[in-house]
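Worksheet: the structure to be examined is printed underneath.
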Amino acid sequence: VSPPPNAFAASPLDRAAHLRRDAQWLAAALRAPQTRLVAIGAAKPLMREGGVLWLTPDQAPPGSSTVFLGVDHAGAAVFAVAAREAPEGGEFTELRAAAATLSSDDIAILGCAKSLLEWHGRHPFCAACGVATASAEAGWKRVCPACAAEHFPRVDPVVIMLASRGEYCLLGRQARFAPRVYSALAGYVEPGESAEEACARELMEEAGVVATRIRYHSTQPWPFPSSLMIGLLAEVESEALTIDYTELEDARWFSRAETRTILEGRHESVRCPPPLAIAHHLIAAWAFS
Ligand SMILES: [Zn+2]
Numbered sequence: 020v021s022p023p024p025n026a027f028a029a030s031p032l033d034r035a036a037h038l039r040r041d042a043q044w045l046a047a048a049l050r051a052p053q054t055r056l057v058a059i060g061a062a063k064p065l066m067r068e069g070g071v072l073w074l075t076p077d078q079a080p081p082g083s084s085t086v087f088l089g090v091d092h093a094g095a096a097v098f099a100v101a102a103r104e105a106p107e108g109g110e111f112t113e114l115r116a117a118a119a120t121l122s123s124d125d126i127a128i129l130g131c132a133k134s135l136l137e138w139h140g141r142h143p144f145c146a147a148c149g150v151a152t153a154s155a156e157a158g159w160k161r162v163c164p165a166c167a168a169e170h171f172p173r174v175d176p177v178v179i180m181l182a183s184r185g186e187y188c189l190l191g192r193q194a195r196f197a198p199r200v201y202s203a204l205a206g207y208v209e210p211g212e213s214a215e216e217a218c219a220r221e222l223m224e225e226a227g228v229v230a231t232r233i234r235y236h237s238t239q240p241w242p243f244p245s246s247l248m249i250g251l252l253a254e255v256e257s258e259a260l261t262i263d264y265t266e267l268e269d270a271r272w273f274s275r276a277e278t279r280t281i282l283e284g285r286h287e288s289v290r291c292p293p294p295l296a297i298a299h300h301l302i303a304a305w306a307f308s
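The sequence shown begins at 20 in the working numbering and counts up by one.
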């Protein structure tokens, strides 16, 4: 049985990658009245009260760059557009906060739009020769006019793992977390490393525990700005913790019963991330197994 899709995954759009090179089709789509655009300003999607403020092509900010996200179930094209000012009736809203009022379909579309437009915003120059690059293939790559290097939107793999030992699981908190929040440990996968190796390394580095069995749970695109969270369940053999306090403010073992009260919001002093985050589902998969 496969787990339900994580938030930001399972976009309802057909990416229709074959249309990214079809300049004629794209130009027509950017004039079609049924086409929808989501505007992103300073990494925040344009919202109205209760949902996304979708724009029609004639409402898009003139001269701004667009990225083709795909085609919806009704056959309409969906684009993302970079914007500076919110039109009347709209407001740029931080995506995590906005997600509370959005459908899972819109969360997935907005996450993709945010990641792509942030990548364009942060990568205006060629990493090989320093010349200004241009968007190509409807926003799915950038090309250097001087050295012809092609640059593709980056996705950064991160392992996030719930370590457990018998009836206890390991949760930690970073100083930047909201008060009282404890979560699964996580870290970036490094070059030359498998996800399983990154998981074992991070558990040893951050908590001093030895992983003996690592199982895959699910993955989640996490658009802050463009991670792929690789969710793992790790059994560890050691009980003693050696916490790296440069990475973590605290880490502790929690019993299965206590972990359930955390997930249900009934714990007196500890909270965990909300269902928007894969961490919540990793913890639940263990706590209710
Ligand atoms: Zn170049």
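Even glycine gets a Cβ: it sits at the ideal position worked out from N, Cα and C.
From a predicted model like this one, the values you see are computed outputs, not experimental measurements.
Give the DSSP-derived three-state secondary structure of residue i in the structure shown.
| i | result |
| --- | --- |
| residue 214 | helix |
| residue 298 | helix |
| residue 176 | strand |
| residue 38 | helix |
| residue 159 | coil |
| residue 306 | helix |
| residue 74 | strand |
Would you say the beta carbon of residue i comes nearer than 7 Å to a heavy atom of ligand 1?
| i | result |
| --- | --- |
| residue 151 | no |
| residue 61 | no |
| residue 147 | yes |
| residue 155 | no |
| residue 165 | yes |
| residue 304 | no |
| residue 270 | no |
| residue 253 | no |
| residue 46 | no |
Assuming residue i is part of the alpha helix (DSSP H), what are its boundary residues?
| i | result |
| --- | --- |
| residue 239 | It is not in any alpha helix (DSSP H) - residue 239 instead sits in the beta strand (DSSP E) that spans 230-241. |
| residue 128 | 123-141 |
| residue 280 | 275-282 |
| residue 311 | Nothing about residue 311 can be read from this structure; the chain reaches only from 20 to 308. |
Since residue i sits in a beta bridge, which residues does DSSP pair it with?
| i | result |
| --- | --- |
| residue 254 | 183, 232 |
| residue 64 | 59 |
| residue 262 | Bridge partners of residue 262: none, in fact. |
| residue 221 | Answer is none; residue 221 lacks a bridge partner. |
| residue 85 | 100 |
| residue 171 | Answer is none; residue 171 lacks a bridge partner. |
| residue 188 | 183, 273 |
| residue 151 | 144 |
| residue 246 | 175, 241 |
Between which two residues does the beta strand (DSSP E) containing residue i stretch?
| i | result |
| --- | --- |
| residue 204 | 204-207 |
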